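Structure first, then comments.
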Amino acid sequence: GQAVEVKVDAYPSKIFHGKIDSFQAGTGSRFSVLPSENATGNYVKVVQRVPVKIVFEETPDDIQLLAPGMSVEPSVKVR
């Protein structure tokens with residue numbers, strides 16, 4: 385239930401707020417909703433992906449802007 389601020393690369397001026405619901409112990413593409421494709425020119429910001437489920441505190445008015453697979457930068461508020 386840690387608080388999270390989510391910045392979406394496609395919309396740098398917007399910040400979405402939520403809380404961590406769960407995360408998986410495994411990393412890598414086999415656990416990912418969208419497996420990575422190792423095509424030439426493929427760019428992934430992080431070395432490993434850790435699947436984390438973030439739930440919005442309230443449904444944002446502009447939720448239609450978000451889609452699975454978008455690059456985001458979550459910031460977790462640690463107690």
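Taking this note's numbering, I'd label the letters of the sequence shown as residues 385 to 463.
All residues carry an ideal CB built from backbone N, CA and C; glycine is no exception.
All values reported here derive from a predicted model rather than from experimental measurement.
Cα atoms of Ser397 and Gln408: separation of roughly 29 Å, rounded to the nearest angstrom. Across the structure, His401 and Val392 are spaced so that their CA atoms are roughly 11 Å apart.
Burial of Val388 is indicated by the presence of at least 16 other C-beta atoms within 10 angstroms of its C-beta. Val460 places its beta carbon less than 7 Å from that of Gln386. In this structure, the straight-line span from the alpha carbon of Asp446 to that of Tyr395 is close to 11 Å.
Straight-line measurement puts the Cα of Gly453 at about 21 Å from the Cα of Glu441.
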